[in-house]
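Encoded as C-alpha coordinates, the structure appears first; notes follow it.
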Amino acid sequence: MTHIIEPERRIPIIADVDVAVAGGGGAGVGAAVAAARLGASVMLVDRLGALGGCMGPGGWNAGAFSLKNLDFERFREQPYFAFQAPREQIEADAMDVIRRCGIAGEWMSRVFDMDDDFGCRRNLADVSNRIADVCGRMVDEAGVRLMLDTTAADVVLEDGKTVCGLIVENASGRAAIRAKVVIDATANASVAQRAGAPLVASNWEPSMNITFGIGGTDDERFKQFIDGRKEPPADNKWIDEVMIPEAGYIWWRLGAHISRMRPYADLFKKAQEETGYRAVGRVGDVGIIAAVFPGPDGKTSQDSMFWGRADIDGKIDTLDGDHMTTVERDARRYMMDTTRFLRQYVPGFENAYLLYLSPYIGTRGGRAIEAERIVNEDDLHAARRFDDVIARGQDGRYRKDAPTDVPYRQLLPRRVENLLAAGVSAHRKPPNLRERTLVIHMGQAAGTAAALAAASGVTVREVDLRRLQRILFEEGVDLGGKDHVQALLAKPAAPLSEHAKREV
(Lines of atoms letter the chains of each structure in order from A and count residues from 1; the text may use other names and numbers.)
(Lines give C-alpha, C1' and ligand atoms only; values in the text may rest on other atoms or scores of the structure.)
Protein backbone atom coordinates (compact mmCIF):
# COMPACT_ATOMS: atom_id res chain seq x y z
CA MET A 1 0.00 0.00 0.00
CA THR A 2 1.40 3.40 -1.01
CA HIS A 3 -1.13 5.63 0.71
CA ILE A 4 -3.91 5.78 3.26
CA ILE A 5 -7.36 7.32 3.05
CA GLU A 6 -8.37 9.59 5.90
CA PRO A 7 -11.90 9.04 7.14
CA GLU A 8 -14.32 11.93 7.01
CA ARG A 9 -14.49 13.72 10.33
CA ARG A 10 -16.23 16.65 11.95
CA ILE A 11 -13.95 19.55 12.89
CA PRO A 12 -15.21 22.06 15.47
CA ILE A 13 -15.35 25.70 14.43
CA ILE A 14 -13.69 27.66 17.22
CA ALA A 15 -13.90 31.14 15.72
CA ASP A 16 -15.69 33.09 13.01
CA VAL A 17 -13.71 36.22 12.16
CA ASP A 18 -13.31 38.82 9.46
CA VAL A 19 -9.62 38.12 8.90
CA ALA A 20 -7.43 35.12 9.71
CA VAL A 21 -3.66 35.54 9.46
CA ALA A 22 -1.30 32.57 9.26
CA GLY A 23 2.23 33.43 10.37
CA GLY A 24 3.34 35.79 13.13
CA GLY A 25 6.52 37.23 11.67
CA GLY A 26 6.84 40.85 10.59
CA ALA A 27 4.35 40.53 7.72
CA GLY A 28 1.79 38.67 9.81
CA VAL A 29 2.02 41.10 12.72
CA GLY A 30 1.69 44.04 10.34
CA ALA A 31 -1.35 42.45 8.69
CA ALA A 32 -3.10 41.55 11.93
CA VAL A 33 -2.55 44.93 13.58
CA ALA A 34 -3.63 46.87 10.48
CA ALA A 35 -6.84 44.88 10.04
CA ALA A 36 -7.78 45.06 13.72
CA ARG A 37 -7.19 48.81 13.91
CA LEU A 38 -9.73 49.23 11.12
CA GLY A 39 -12.33 47.41 13.18
CA ALA A 40 -12.01 43.91 11.76
CA SER A 41 -12.14 40.87 14.01
CA VAL A 42 -8.79 39.14 13.56
CA MET A 43 -7.26 35.80 14.49
CA LEU A 44 -3.47 35.45 14.23
CA VAL A 45 -1.98 31.95 14.18
CA ASP A 46 1.71 31.14 14.62
CA ARG A 47 3.60 27.88 15.05
CA LEU A 48 6.07 29.36 17.57
CA GLY A 49 5.62 30.46 21.16
CA ALA A 50 6.17 34.17 20.51
CA LEU A 51 5.69 36.65 17.68
CA GLY A 52 8.32 38.23 15.47
CA GLY A 53 9.31 35.31 13.26
CA CYS A 54 12.96 35.01 12.33
CA MET A 55 13.90 38.31 13.99
CA GLY A 56 11.94 37.50 17.16
CA PRO A 57 11.91 33.95 18.53
CA GLY A 58 13.91 32.81 15.51
CA GLY A 59 16.88 34.72 16.89
CA TRP A 60 18.07 35.89 13.49
CA ASN A 61 18.61 39.64 13.78
CA ALA A 62 22.30 40.09 13.08
CA GLY A 63 21.57 42.36 10.15
CA ALA A 64 20.07 45.80 10.50
CA PHE A 65 16.90 47.83 10.66
CA SER A 66 16.17 49.05 7.15
CA LEU A 67 15.40 52.75 7.30
CA LYS A 68 15.28 53.29 3.54
CA ASN A 69 12.00 51.38 3.17
CA LEU A 70 10.38 53.75 5.65
CA ASP A 71 11.20 56.91 3.70
CA PHE A 72 13.70 56.51 0.88
CA GLU A 73 14.37 60.21 0.33
CA ARG A 74 14.79 60.97 4.04
CA PHE A 75 17.11 58.03 4.71
CA ARG A 76 18.95 57.88 1.40
CA GLU A 77 22.25 58.61 3.17
CA GLN A 78 21.55 56.33 6.15
CA PRO A 79 19.72 53.35 4.67
CA TYR A 80 20.41 50.97 7.56
CA PHE A 81 20.74 51.08 11.34
CA ALA A 82 22.50 48.20 13.08
CA PHE A 83 20.34 46.14 15.42
CA GLN A 84 22.77 46.67 18.29
CA ALA A 85 23.72 50.30 17.60
CA PRO A 86 22.83 52.90 20.27
CA ARG A 87 19.62 54.78 19.56
CA GLU A 88 21.52 58.04 20.04
CA GLN A 89 23.13 57.47 16.64
CA ILE A 90 19.80 58.46 15.10
CA GLU A 91 19.06 62.17 15.26
CA ALA A 92 15.94 63.26 17.12
CA ASP A 93 14.21 64.59 14.01
CA ALA A 94 14.94 61.30 12.24
CA MET A 95 13.30 59.42 15.10
CA ASP A 96 10.24 61.62 14.69
CA VAL A 97 10.09 60.62 11.02
CA ILE A 98 10.45 56.93 11.87
CA ARG A 99 7.55 57.08 14.33
CA ARG A 100 5.24 58.34 11.57
CA CYS A 101 6.14 55.65 9.01
CA GLY A 102 3.28 53.23 9.39
CA ILE A 103 3.26 50.10 11.50
CA ALA A 104 6.86 49.37 10.52
CA GLY A 105 8.03 52.71 11.86
CA GLU A 106 5.98 52.31 15.03
CA TRP A 107 7.42 48.83 15.58
CA MET A 108 10.98 50.02 15.04
CA SER A 109 10.68 53.07 17.29
CA ARG A 110 9.16 50.98 20.08
CA VAL A 111 12.12 48.61 19.93
CA PHE A 112 14.44 51.64 20.15
CA ASP A 113 12.45 53.08 23.05
CA MET A 114 13.10 49.95 25.12
CA ASP A 115 16.65 51.28 25.49
CA ASP A 116 15.23 53.66 28.12
CA ASP A 117 14.33 50.74 30.39
CA PHE A 118 16.90 48.11 29.45
CA GLY A 119 19.86 49.99 28.01
CA CYS A 120 21.31 49.53 24.56
CA ARG A 121 20.67 46.20 22.84
CA ARG A 122 23.59 43.97 23.85
CA ASN A 123 23.41 40.83 21.73
CA LEU A 124 21.24 38.84 19.35
CA ALA A 125 19.22 37.13 22.07
CA ASP A 126 18.53 40.49 23.73
CA VAL A 127 17.33 41.97 20.45
CA SER A 128 15.25 38.86 19.77
CA ASN A 129 13.41 39.12 23.08
CA ARG A 130 12.74 42.84 22.66
CA ILE A 131 11.36 42.39 19.15
CA ALA A 132 9.10 39.54 20.27
CA ASP A 133 7.85 41.63 23.18
CA VAL A 134 7.03 44.64 20.99
CA CYS A 135 5.24 42.48 18.41
CA GLY A 136 3.20 40.78 21.12
CA ARG A 137 2.19 44.04 22.75
CA MET A 138 1.18 45.66 19.45
CA VAL A 139 -1.03 42.69 18.61
CA ASP A 140 -2.65 42.67 22.05
CA GLU A 141 -3.25 46.42 22.03
CA ALA A 142 -4.97 46.16 18.63
CA GLY A 143 -7.39 43.54 19.97
CA VAL A 144 -6.14 40.66 17.83
CA ARG A 145 -7.02 37.15 19.00
CA LEU A 146 -3.87 35.06 19.17
CA MET A 147 -3.12 31.35 18.83
CA LEU A 148 0.52 30.45 19.52
CA ASP A 149 2.12 27.02 19.25
CA THR A 150 -0.46 26.44 16.54
CA THR A 151 0.03 25.23 12.98
CA ALA A 152 -2.10 26.40 10.08
CA ALA A 153 -2.47 22.89 8.70
CA ASP A 154 -5.00 23.38 5.90
CA VAL A 155 -7.60 25.71 4.45
CA VAL A 156 -11.36 25.73 4.36
CA LEU A 157 -12.23 25.90 0.68
CA GLU A 158 -15.57 26.46 -1.04
CA ASP A 159 -16.35 25.91 -4.72
CA GLY A 160 -12.78 24.74 -5.23
CA LYS A 161 -11.25 28.21 -5.24
CA THR A 162 -12.65 30.47 -2.51
CA VAL A 163 -10.72 30.39 0.76
CA CYS A 164 -13.03 30.90 3.71
CA GLY A 165 -10.98 29.82 6.67
CA LEU A 166 -8.13 27.82 8.16
CA ILE A 167 -7.76 24.39 9.70
CA VAL A 168 -5.41 24.65 12.67
CA GLU A 169 -3.74 22.11 14.94
CA ASN A 170 -2.32 22.54 18.43
CA ALA A 171 -2.33 20.87 21.83
CA SER A 172 -6.13 21.12 21.90
CA GLY A 173 -6.45 19.14 18.69
CA ARG A 174 -7.70 20.04 15.23
CA ALA A 175 -10.09 22.95 14.75
CA ALA A 176 -11.46 25.32 12.12
CA ILE A 177 -11.43 29.11 11.92
CA ARG A 178 -13.94 30.60 9.51
CA ALA A 179 -12.85 33.90 7.95
CA LYS A 180 -14.01 36.28 5.26
CA VAL A 181 -10.38 36.83 4.21
CA VAL A 182 -7.25 34.77 4.89
CA ILE A 183 -3.71 36.17 4.76
CA ASP A 184 -0.73 33.89 4.13
CA ALA A 185 2.28 35.27 6.00
CA THR A 186 3.95 31.89 6.51
CA ALA A 187 7.18 32.81 4.63
CA ASN A 188 6.77 29.81 2.33
CA ALA A 189 3.24 30.23 0.95
CA SER A 190 2.05 27.11 2.74
CA VAL A 191 -1.54 28.35 2.99
CA ALA A 192 -1.60 29.26 -0.70
CA GLN A 193 -0.19 25.83 -1.53
CA ARG A 194 -2.95 24.09 0.39
CA ALA A 195 -5.53 26.28 -1.33
CA GLY A 196 -4.30 25.12 -4.73
CA ALA A 197 -2.85 28.46 -5.80
CA PRO A 198 -0.05 28.28 -8.38
CA LEU A 199 3.36 28.85 -6.82
CA VAL A 200 6.86 29.74 -7.92
CA ALA A 201 9.90 27.91 -6.60
CA SER A 202 12.26 30.47 -5.13
CA ASN A 203 14.13 28.74 -2.36
CA TRP A 204 17.64 28.73 -3.87
CA GLU A 205 18.44 32.43 -3.87
CA PRO A 206 19.67 33.30 -0.36
CA SER A 207 21.92 31.32 1.95
CA MET A 208 20.37 29.89 5.09
CA ASN A 209 21.77 30.48 8.53
CA ILE A 210 21.72 29.62 12.21
CA THR A 211 22.36 32.17 14.95
CA PHE A 212 24.69 31.26 17.79
CA GLY A 213 25.98 32.66 21.05
CA ILE A 214 29.16 31.42 22.74
CA GLY A 215 29.68 32.25 26.42
CA GLY A 216 32.64 32.10 28.77
CA THR A 217 35.06 34.16 26.67
CA ASP A 218 37.99 36.18 27.99
CA ASP A 219 37.55 39.30 25.86
CA GLU A 220 40.89 40.92 26.68
CA ARG A 221 42.88 37.74 26.13
CA PHE A 222 41.19 37.20 22.77
CA LYS A 223 41.82 40.83 21.78
CA GLN A 224 45.53 40.44 22.47
CA PHE A 225 45.56 37.27 20.37
CA ILE A 226 43.70 38.68 17.37
CA ASP A 227 45.59 42.00 17.46
CA GLY A 228 48.78 40.02 17.08
CA ARG A 229 47.49 38.53 13.85
CA LYS A 230 47.15 41.60 11.67
CA GLU A 231 48.95 39.70 8.93
CA PRO A 232 47.62 36.27 7.95
CA PRO A 233 49.88 33.42 9.09
CA ALA A 234 52.11 31.59 6.64
CA ASP A 235 49.55 28.82 6.34
CA ASN A 236 47.09 31.30 4.83
CA LYS A 237 47.64 29.86 1.36
CA TRP A 238 46.41 26.51 2.72
CA ILE A 239 42.93 28.05 2.92
CA ASP A 240 42.91 28.72 -0.82
CA GLU A 241 44.83 25.63 -1.92
CA VAL A 242 43.30 22.98 0.33
CA MET A 243 40.38 24.08 2.50
CA ILE A 244 38.29 25.83 -0.14
CA PRO A 245 38.74 23.16 -2.86
CA GLU A 246 38.03 20.34 -0.39
CA ALA A 247 34.83 22.00 0.74
CA GLY A 248 33.68 23.07 -2.70
CA TYR A 249 33.44 26.45 -1.03
CA ILE A 250 31.53 29.09 -2.94
CA TRP A 251 33.79 31.99 -2.08
CA TRP A 252 31.73 34.65 -3.84
CA ARG A 253 28.60 33.58 -1.93
CA LEU A 254 30.14 33.48 1.52
CA GLY A 255 33.26 35.48 0.78
CA ALA A 256 33.10 37.58 3.95
CA HIS A 257 33.72 34.43 5.95
CA ILE A 258 37.03 33.80 4.21
CA SER A 259 38.53 37.13 5.30
CA ARG A 260 37.65 36.34 8.91
CA MET A 261 39.11 32.85 8.61
CA ARG A 262 42.54 33.93 7.42
CA PRO A 263 43.91 34.92 10.87
CA TYR A 264 43.18 31.35 11.96
CA ALA A 265 44.73 29.57 8.97
CA ASP A 266 47.45 27.75 10.91
CA LEU A 267 45.00 26.79 13.66
CA PHE A 268 42.46 25.44 11.17
CA LYS A 269 45.19 23.42 9.48
CA LYS A 270 46.43 22.05 12.79
CA ALA A 271 42.93 21.21 14.02
CA GLN A 272 42.03 19.45 10.80
CA GLU A 273 45.18 17.33 11.01
CA GLU A 274 44.81 16.58 14.72
CA THR A 275 41.06 16.27 15.24
CA GLY A 276 39.43 16.23 11.82
CA TYR A 277 37.63 19.53 12.48
CA ARG A 278 36.77 21.45 9.32
CA ALA A 279 36.09 25.18 9.47
CA VAL A 280 33.87 24.77 6.42
CA GLY A 281 31.67 21.89 7.45
CA ARG A 282 29.40 19.61 5.52
CA VAL A 283 25.62 19.50 5.59
CA GLY A 284 24.96 15.93 4.58
CA ASP A 285 25.73 15.61 0.89
CA VAL A 286 23.72 18.67 -0.11
CA GLY A 287 25.52 21.68 1.32
CA ILE A 288 28.21 23.38 3.38
CA ILE A 289 28.24 25.51 6.52
CA ALA A 290 30.67 28.17 7.71
CA ALA A 291 30.59 30.28 10.86
CA VAL A 292 31.44 33.95 11.04
CA PHE A 293 34.53 33.70 13.24
CA PRO A 294 35.45 36.46 15.70
CA GLY A 295 37.90 38.97 14.31
CA PRO A 296 39.33 42.45 14.66
CA ASP A 297 36.64 44.07 12.50
CA GLY A 298 34.00 44.62 15.15
CA LYS A 299 32.64 41.07 15.14
CA THR A 300 34.45 40.10 18.31
CA SER A 301 33.71 38.87 21.81
CA GLN A 302 32.29 41.28 24.36
CA ASP A 303 30.60 40.90 27.73
CA SER A 304 32.34 37.50 27.88
CA MET A 305 30.28 36.33 24.91
CA PHE A 306 30.61 36.05 21.15
CA TRP A 307 27.49 36.24 19.00
CA GLY A 308 27.27 35.52 15.31
CA ARG A 309 25.85 33.30 12.65
CA ALA A 310 26.82 30.34 10.54
CA ASP A 311 25.74 30.47 6.91
CA ILE A 312 24.59 27.41 5.02
CA ASP A 313 24.75 27.08 1.27
CA GLY A 314 24.21 24.45 -1.38
CA LYS A 315 21.43 22.75 -3.28
CA ILE A 316 19.22 22.50 -0.23
CA ASP A 317 15.49 22.38 -0.84
CA THR A 318 13.84 24.19 2.06
CA LEU A 319 10.57 22.43 1.19
CA ASP A 320 12.09 18.95 1.49
CA GLY A 321 11.62 17.46 4.95
CA ASP A 322 14.64 15.19 4.65
CA HIS A 323 16.86 18.09 3.56
CA MET A 324 15.74 20.29 6.43
CA THR A 325 16.20 17.49 8.95
CA THR A 326 19.77 17.12 7.71
CA VAL A 327 20.35 20.88 7.91
CA GLU A 328 18.99 21.16 11.45
CA ARG A 329 21.06 18.20 12.64
CA ASP A 330 24.35 19.04 10.94
CA ALA A 331 24.23 22.80 11.61
CA ARG A 332 23.89 22.24 15.34
CA ARG A 333 26.57 19.55 15.32
CA TYR A 334 28.90 21.87 13.40
CA MET A 335 28.43 24.64 15.96
CA MET A 336 29.24 22.27 18.83
CA ASP A 337 32.37 21.17 16.96
CA THR A 338 33.28 24.81 16.28
CA THR A 339 32.95 25.69 19.96
CA ARG A 340 35.23 22.74 20.76
CA PHE A 341 37.77 24.06 18.22
CA LEU A 342 37.70 27.53 19.77
CA ARG A 343 38.23 26.08 23.26
CA GLN A 344 41.18 23.98 22.17
CA TYR A 345 43.00 26.34 19.82
CA VAL A 346 42.01 30.00 20.29
CA PRO A 347 43.31 32.09 23.23
CA GLY A 348 40.46 33.70 25.14
CA PHE A 349 38.08 30.84 24.37
CA GLU A 350 39.61 28.25 26.72
CA ASN A 351 36.49 28.24 28.91
CA ALA A 352 33.95 28.88 26.16
CA TYR A 353 30.66 27.02 25.91
CA LEU A 354 27.82 27.00 23.40
CA LEU A 355 25.28 29.29 25.04
CA TYR A 356 22.60 29.67 22.38
CA LEU A 357 21.44 28.33 19.02
CA SER A 358 18.39 29.70 17.23
CA PRO A 359 15.46 27.28 17.53
CA TYR A 360 15.11 26.84 13.79
CA ILE A 361 17.13 27.46 10.65
CA GLY A 362 16.64 30.86 9.04
CA THR A 363 15.84 30.06 5.42
CA ARG A 364 15.65 33.68 4.21
CA GLY A 365 12.85 32.71 1.90
CA GLY A 366 10.92 29.88 0.34
CA ARG A 367 8.33 29.29 -2.30
CA ALA A 368 6.02 32.16 -3.12
CA ILE A 369 2.70 32.69 -4.79
CA GLU A 370 2.53 33.16 -8.52
CA ALA A 371 1.23 36.67 -8.05
CA GLU A 372 -0.95 38.60 -10.46
CA ARG A 373 2.10 40.84 -10.95
CA ILE A 374 5.53 39.54 -9.98
CA VAL A 375 8.14 42.22 -9.34
CA ASN A 376 11.26 41.16 -11.24
CA GLU A 377 14.83 42.22 -11.87
CA ASP A 378 13.85 44.44 -14.80
CA ASP A 379 11.46 46.33 -12.55
CA LEU A 380 14.24 47.10 -10.09
CA HIS A 381 16.62 48.21 -12.83
CA ALA A 382 13.91 50.57 -14.11
CA ALA A 383 12.71 51.69 -10.66
CA ARG A 384 9.25 50.81 -11.97
CA ARG A 385 6.20 52.74 -10.78
CA PHE A 386 2.84 51.01 -10.47
CA ASP A 387 -0.65 52.48 -10.38
CA ASP A 388 -1.55 50.02 -7.60
CA VAL A 389 1.50 50.73 -5.42
CA ILE A 390 1.19 49.66 -1.76
CA ALA A 391 4.86 49.90 -0.68
CA ARG A 392 8.34 50.53 -2.08
CA GLY A 393 11.40 48.31 -2.00
CA GLN A 394 14.95 48.05 -3.23
CA ASP A 395 17.61 45.43 -3.89
CA GLY A 396 20.98 47.15 -4.14
CA ARG A 397 22.33 44.49 -6.50
CA TYR A 398 20.21 46.03 -9.24
CA ARG A 399 19.93 49.70 -8.41
CA LYS A 400 20.85 51.82 -5.39
CA ASP A 401 19.63 55.29 -6.28
CA ALA A 402 15.89 54.63 -6.50
CA PRO A 403 13.38 52.13 -5.09
CA THR A 404 10.75 50.18 -7.00
CA ASP A 405 7.03 50.19 -6.29
CA VAL A 406 5.49 47.01 -4.89
CA PRO A 407 2.04 46.65 -6.49
CA TYR A 408 -1.07 45.40 -4.74
CA ARG A 409 -1.20 42.66 -7.36
CA GLN A 410 2.00 41.25 -5.83
CA LEU A 411 -0.13 40.19 -2.86
CA LEU A 412 -2.79 38.45 -4.98
CA PRO A 413 -2.34 34.77 -5.87
CA ARG A 414 -3.74 33.56 -9.15
CA ARG A 415 -6.82 31.32 -9.42
CA VAL A 416 -7.77 31.62 -5.74
CA GLU A 417 -10.24 34.03 -4.16
CA ASN A 418 -10.20 35.83 -0.80
CA LEU A 419 -6.59 34.95 -0.10
CA LEU A 420 -3.78 37.48 0.20
CA ALA A 421 -0.08 36.83 0.69
CA ALA A 422 2.33 39.13 2.48
CA GLY A 423 6.05 39.24 3.07
CA VAL A 424 8.27 36.47 1.79
CA SER A 425 5.24 34.38 0.74
CA ALA A 426 4.29 37.12 -1.70
CA HIS A 427 7.35 37.57 -3.87
CA ARG A 428 9.67 35.51 -5.99
CA LYS A 429 13.38 35.54 -5.17
CA PRO A 430 15.39 37.09 -6.79
CA PRO A 431 15.02 40.03 -6.46
CA ASN A 432 15.33 40.39 -2.72
CA LEU A 433 12.34 42.20 -1.21
CA ARG A 434 12.52 40.57 2.22
CA GLU A 435 13.85 43.40 4.42
CA ARG A 436 11.95 43.61 7.69
CA THR A 437 10.41 47.03 7.27
CA LEU A 438 9.27 46.19 3.74
CA VAL A 439 7.56 42.94 4.72
CA ILE A 440 5.79 44.78 7.55
CA HIS A 441 4.59 47.36 5.00
CA MET A 442 3.34 44.52 2.80
CA GLY A 443 1.59 43.04 5.80
CA GLN A 444 -0.01 46.38 6.63
CA ALA A 445 -1.28 46.64 3.05
CA ALA A 446 -2.67 43.10 3.13
CA GLY A 447 -4.35 43.62 6.49
CA THR A 448 -5.85 46.93 5.39
CA ALA A 449 -7.18 45.41 2.17
CA ALA A 450 -8.58 42.42 4.05
CA ALA A 451 -10.42 44.66 6.52
CA LEU A 452 -11.86 46.78 3.71
CA ALA A 453 -13.01 43.69 1.81
CA ALA A 454 -14.62 42.16 4.89
CA ALA A 455 -16.41 45.39 5.81
CA SER A 456 -17.64 46.04 2.27
CA GLY A 457 -18.66 42.48 1.46
CA VAL A 458 -16.43 42.31 -1.60
CA THR A 459 -13.52 40.09 -2.60
CA VAL A 460 -9.94 41.22 -2.14
CA ARG A 461 -9.74 41.76 -5.91
CA GLU A 462 -12.65 44.20 -5.71
CA VAL A 463 -11.29 46.36 -2.90
CA ASP A 464 -11.40 50.11 -3.50
CA LEU A 465 -7.74 50.53 -4.44
CA ARG A 466 -7.64 54.29 -3.98
CA ARG A 467 -9.17 53.99 -0.52
CA LEU A 468 -6.55 51.37 0.35
CA GLN A 469 -3.75 53.63 -0.87
CA ARG A 470 -5.16 56.66 0.92
CA ILE A 471 -5.25 54.80 4.23
CA LEU A 472 -1.68 53.57 3.78
CA PHE A 473 -0.48 57.04 2.81
CA GLU A 474 -2.21 58.66 5.78
CA GLU A 475 -0.66 56.04 8.05
CA GLY A 476 2.79 57.02 6.82
CA VAL A 477 3.65 54.20 4.39
CA ASP A 478 6.00 55.49 1.70
CA LEU A 479 4.19 55.24 -1.64
CA GLY A 480 6.50 57.55 -3.54
CA GLY A 481 6.41 61.13 -2.32
CA LYS A 482 3.51 63.42 -1.41
CA ASP A 483 3.02 65.02 -4.84
CA HIS A 484 3.16 61.67 -6.63
CA VAL A 485 0.66 60.07 -4.26
CA GLN A 486 -1.77 62.98 -4.35
CA ALA A 487 -1.75 62.88 -8.15
CA LEU A 488 -2.31 59.14 -8.01
CA LEU A 489 -5.23 59.43 -5.61
CA ALA A 490 -6.84 62.14 -7.72
CA LYS A 491 -7.45 59.82 -10.66
CA PRO A 492 -9.73 56.78 -10.74
CA ALA A 493 -8.14 53.37 -10.43
CA ALA A 494 -8.38 51.00 -13.34
CA PRO A 495 -9.55 47.42 -12.84
CA LEU A 496 -6.67 45.24 -11.69
CA SER A 497 -6.64 43.46 -15.03
CA GLU A 498 -5.87 46.79 -16.71
CA HIS A 499 -3.04 47.90 -14.43
CA ALA A 500 -0.28 46.41 -16.54
CA LYS A 501 -1.08 48.98 -19.21
CA ARG A 502 -0.38 51.81 -16.74
CA GLU A 503 3.14 50.72 -15.84
CA VAL A 504 5.76 53.39 -16.58
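Residue numbers (our numbering): 441 to 944.
Yeah, the Cβ is synthetic: ideal placement off N, Cα and C, and Gly gets one too.
(message) Could you give the first and the last residue of the continuous alpha helix (DSSP H) run that contains S945?
(response) No information on residue 945 is available, as it lies outside the stretch 441 to 944 that the chain covers here.
(request) Report yes or no: do the stretch 761-768 and the stretch 699-706 share at least 3 C-beta pairs separated by less than 8 Å? (result) The answer is no - the stretch 699-706 does not touch the stretch 761-768, with fewer than three Cβ pairs under 8 Å.
(request) Specify, as a first and last residue, the run of the alpha helix (DSSP H) that I684 falls within. (result) Going by DSSP, I684 is part of the alpha helix (DSSP H) stretching over 684-687.
(request) Could I get the ranges of all uninterrupted alpha helix (DSSP H) runs contained in the stretch 532-563, with 4 residues as the minimum, in chain order? (result) DSSP runs (the alpha helix (DSSP H)) wholly in the stretch 532-563: 532-539, 542-553, 555-558.
(message) If I measure Cβ to Cβ from Q633 and keep anything under 8 Å in the same chain, skipping five residues before and after, which residues do I get?
(response) Result list for Q633: L639, R807, in chain order.
(message) Looking only at its chain, what residues have a beta carbon closer than 8 Å to the beta carbon of R840, apart from the 5 residues adjacent to it on each side?
(response) The sequence given here places Lys at residue 840; Arg does not occur at that position. Only Q834 meet the Cβ criterion.
(request) Give the DSSP bridge partners of V640, in chain order. (result) Beta-bridge annotation (DSSP): V640 is paired with A808.
(request) Just list the alpha helix (DSSP H) runs in the stretch 741-802, keeping only unbroken ones of 4 residues or longer that don't cross its boundaries, in chain order. (result) Listed in chain order, they are 761-785.
(message) In this structure, how does DSSP classify D589 when only helix, strand and coil are distinguished?
(response) In the structure shown, D589 sits in coil (DSSP, three-state: anything other than H, G, I, E or B).
(message) Please classify E660 as buried or exposed, where buried requires at least 16 other C-beta atoms within 10 Å of its C-beta.
(response) By the neighbour-count rule (16 or more Cβ atoms within 10 Å), E660 is not buried but exposed.
(message) With three or more beta-carbon pairs closer than 8 Å as the criterion, would you say the stretch 704-717 touches the stretch 783-792?
(response) Contact between the stretch 704-717 and the stretch 783-792 is present: three or more C-beta pairs spanning the two stretches fall below 8 Å.
(request) Work out the CA separation of A792 and V595 for me, nearest whole Å. (result) Rounded to the nearest angstrom, the two C-alpha atoms are 47 Å apart.
(request) Would you kindly work out how many angstroms separate the C-alpha atoms of G724 and S568, rounded to a whole number? (result) The C-alpha of S568 is placed about 29 Å away from the C-alpha of G724.
(request) Kindly indicate which three-state DSSP category I814 falls into: helix, strand or coil? (result) Taken through DSSP and simplified to helix, strand or coil, I814 comes out as coil.
(request) Output the residue ranges of the beta strand (DSSP E) runs that lie fully inside the stretch 608-639 and measure 3 residues or longer, sorted by chain position. (result) Listed in chain order, the complete beta strand (DSSP E) runs (minimum 3 residues) inside the stretch 608-639 are 613-624.
(request) List the DSSP bridge partners of T844. (result) Per DSSP, G833.
(request) Decide yes or no for the touch test of the stretch 482-496 against the stretch 574-594: beta carbon pairs closer than 8 Å, at least 3 of them. (result) The answer is yes - the stretch 574-594 touches the stretch 482-496, with three or more Cβ pairs under 8 Å.
(request) Kindly indicate which residue of V631, R618, F913 has the alpha-carbon position closest to the one of D456. (result) Nearest C-alpha to D456: R618.
(message) Quick check on the DSSP output: the alpha helix (DSSP H) that includes R906 runs from which residue to which?
(response) For R906, the uninterrupted alpha helix (DSSP H) segment begins and ends at 905-914.
(request) Indicate the three-state DSSP secondary structure (helix, strand or coil) for G492 in the structure shown. (result) Note: G492 maps to coil in three-state DSSP.
(request) Closer than 7 Å by C-beta to L586: which residues in its own chain qualify, once you throw out the five before and the five after it? Chain order, please. (result) These residues qualify, in order along the chain: L484, V579.
(message) Comparing C-alpha positions only, which one of A862, H443, A480 sits nearest to L892?
(response) Comparing Cα-Cα distances from L892 to each of A862, H443, A480, the minimum goes to A480.
(request) Just mark S506 as buried or exposed, buried being the case when its beta carbon has 16 or more other beta carbons within 10 Å. (result) By the beta-carbon neighbour count (other beta carbons within 10 angstroms, threshold 16), S506 is buried.
(message) With a threshold of 8 Å on Cβ separation, who are the neighbours of R855 within its own chain once the five nearest residues in sequence on each side are excluded?
(response) Excluding residues within five positions, the ones whose Cβ falls inside 8 Å are K601, G636, A637, P638.
(message) Restricting to Cα atoms, I'd like to know which of G468, L820, Q712 is closest to D624.
(response) Of the residues G468, L820, Q712, the one whose Cα lies closest to the Cα of D624 is G468.
(request) Let me know if S937 comes out buried or exposed under the rule of 16 or more other beta-carbons within 10 Å of its beta-carbon. (result) Burial call: exposed.
(request) Please name the residue or residues paired with S506 in a DSSP beta bridge. (result) DSSP output for S506 lists Y520 as bridge partner(s).
(message) Do G863 and G559 count as a contact pair if the criterion is CB distance below 8 Å?
(response) Contact flag unset, no.
(request) List the DSSP bridge partners of M578. (result) Partner(s): none; M578 has no beta bridge.
(request) Could you tell me whether the stretch 518-527 touches the stretch 912-929, using the rule of 3 or more Cβ pairs below 8 Å? (result) Here the stretch 518-527 makes no contact with the stretch 912-929; the two share fewer than three CB pairs at distances below 8 Å.
(request) Specify whether the stretch 732-743 and the stretch 653-670 touch according to this definition: at least 3 beta carbon pairs, one from each stretch, less than 8 Å apart. (result) As far as the Cβ criterion goes, the stretch 732-743 touches the stretch 653-670, which means the pair count is three or higher.
(message) Less than 8 Å between the beta carbons of C541 and N858, yes or no?
(response) No; because the gap between Cβ atoms is not below 8 Å, this pair is not in contact.
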